[in-house]
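Colleague: Quick one: structure below, then a few questions.
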Amino acid sequence: MNKMIMVEAKLFLREPGGPIFAILLPLALLLGLGSTSGLREPIPELGGERLIDTQFPSMMVLLSVVTMALTLLPGTLVTYRENGVLRRLSTTPIRPVRLLVAQVVNNLATAVVATVLLIVLGGVVLGSASPKNVLAFTGVFVLGTASMFGLGLLIAAVAPSAKTAPAIGSLLMFPLLYISGMWTPRETMPEILQRIGDFLPMAPFGDALRATWAGHAPQPLHLAVMAATVLITGVAASRLFRWE
5 MNKMIMVEAK
15 LFLREPGGPI
25 FAILLPLALL
35 LGLGSTSGLR
45 EPIPELGGER
55 LIDTQFPSMM
65 VLLSVVTMAL
75 TLLPGTLVTY
85 RENGVLRRLS
95 TTPIRPVRLL
105 VAQVVNNLAT
115 AVVATVLLIV
125 LGGVVLGSAS
135 PKNVLAFTGV
145 FVLGTASMFG
155 LGLLIAAVAP
165 SAKTAPAIGS
175 LLMFPLLYIS
185 GMWTPRETMP
195 EILQRIGDFL
205 PMAPFGDALR
215 ATWAGHAPQP
225 LHLAVMAATV
235 LITGVAASRL
245 FRWE
């Protein structure tokens, strides 16, 4: 298993711009936009918190995870299926499921690297706050990332081709990012959008990241939605996934 992970890691890093993009884009946005005055001013609607301390960094973590989960992961798996890699693996002692595990591990490792860089460089360069509830933040990160990867595996299960897999992921990603508060804090959105977002997997992930970043406990509803997403997408992906 370790050898499979290492082989997939080498192939993963050779992807033209994929993993690097998922790390550098959120980091560039954080460092580039984080110096603007608007992000450093207290926001009354957010209880006086500064966007640079909780909202903006947590959204950049969300962006990094979502980019890998909804575009890179399904694109790679569908490409393997199209090229017959999964079919050939099924005839060897190396079962295709090991490939899935290796892909998830490598994407998770990349998400961890991106998150650590966002926290460290945001604090050093911009003076932004680090997560105050580290244990809860870590738990939310793992659960939320699992829910996003579940969506990615479901896309890989139903996408008809390697070209359409990232497209399907992008069609899901951008509306869900908007309703999760990527560009506008959720507290400033109309009430109906806030309530809809509460029951979609991405907004609870973003809200729980921000809450634990500020030292608060995540809402039970948000944890339940993420856990339900892991269960539902996991079951659906396992039943619909095709190895060839």
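Per this note's numbering: the sequence shown ends with 248, consecutive numbering throughout.
Positions of the beta carbon are idealized from the N, C-alpha and C atoms, including for glycine.
(1) I'd like to know whether the C-beta atoms of A160 and P78 end up nearer to each other than 7 angstroms.
(2) Identify, in the order they occur along the chain, each residue of the same chain with its Cβ nearer than 6 angstroms to the Cβ of A140, setting aside the five sequence neighbours on each side.
(3) Grouping DSSP H, G and I as helix and E and B as strand, with all else coil, what is V11?
(4) If you draw a straight line from the alpha carbon of G38 to that of F25, how long is it in whole angstroms?
(5) Does the separation of the CB atoms of P61 and L155 fall below 7 angstroms?
(6) Closest to A205 by C-alpha separation, out of T58, A73 and N87, would be which residue?
(7) Roughly how many angstroms lie between the CA atoms of G173 and A166, to the nearest whole one?
(8) Measuring alpha carbon to alpha carbon, tell me which residue in T119, L235 and S132 is nearest F153.
(9) Does S134 pass the burial test, meaning 16 or more other C-beta atoms within 10 Å, or should it be called exposed?
(10) Which residue marks the beginning of the alpha helix (DSSP H) containing E191, and which one marks its end?
Modeller: Working from what's here:
(1) Stepping through the sequence shown from its first residue, residue 160 is reached at position 156. Stepping through the sequence shown from its first residue, residue 78 is reached at position 74. Yes.
(2) What you label residue 140 is simply residue 136 of the sequence shown in a count that begins at 1. Answer for A140: T216, listed in chain order.
(3) Residue mapping note: residue 11 aligns to position 7 of the sequence shown, counting from 1. Here the model assigns V11 a pLDDT of 49, short of 50, so the residue's position is not dependable and the matter cannot be decided.
(4) What you label residue 38 is simply residue 34 of the sequence shown in a count that begins at 1. What you label residue 25 is simply residue 21 of the sequence shown in a count that begins at 1. Going by the C-alpha atoms only, they are around 19 angstroms apart.
(5) The residue given as residue 61 occupies position 57 in the sequence shown. The residue given as residue 155 occupies position 151 in the sequence shown. Cβ distance not < 7 angstroms, so P61 and L155 don't count as in contact.
(6) If you number the sequence shown from 1, residue 205 lands on position 201. According to the sequence displayed, residue 205 carries Pro and not Ala. When only C-alpha atoms are compared, the closest one is A73.
(7) If you number the sequence shown from 1, residue 173 lands on position 169. If you number the sequence shown from 1, residue 166 lands on position 162. Distance between the alpha carbons of G173 and A166: 11 angstroms.
(8) Along the sequence shown, one-based indexing puts residue 153 at 149. Taking only the C-alpha atoms, the option nearest F153 is L235.
(9) In the sequence shown, the residue the question calls residue 134 occupies position 130. Classification of S134: exposed, given that the 10 Å Cβ count is below 16.
(10) Walking along the sequence shown from the start, residue 191 turns up at place 187. Segment: none, E191 is in no alpha helix (DSSP H) and carries neither H nor E.
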